[in-house]
Amino acid sequence: MATDYGHKLTRHNFMHSKMLLISLISEFNVKILNNLFQNSGTLQQHFQFLGYKWH
Numbered sequence: 033m034a035t036d037y038g039h040k041l042t043r044h045n046f047m048h049s050k051m052l053l054i055s056l057i058s059e060f061n062v063k064i065l066n067n068l069f070q071n072s073g074t075l076q077q078h079f080q081f082l083g084y085k086w087h
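In short: position in the sequence shown from 1, add 32, done, that's the working numbering.
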């Protein structure tokens, strides 16, 4: 019983840290994009262009 609880807790912590890592990477990418594009137009215009290109 205790082992089962420990396993569930570890799994939950892993999922939580994975989500935290994804959000940190996303925030990091936004900062990089912001630095790259701040001299050449707004982020919105660039994302609209990228969205058009991908679709």
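Idealized CB from N, CA, C, for every residue including glycine.
Query                                                                                                           : Result
Give me the Cα-Cα distance between L68 and S49, rounded to the nearest whole angstrom.                          : 28 Å
In three-state terms, what does DSSP make of H87?                                                               : Reliability of the predicted coordinates at H87 is poor, the pLDDT of 49 falling under 50, and no value is obtained from them.
Compute the Euclidean distance between the alpha carbons of I57 and L65, then round it to the nearest angstrom. : 12 Å
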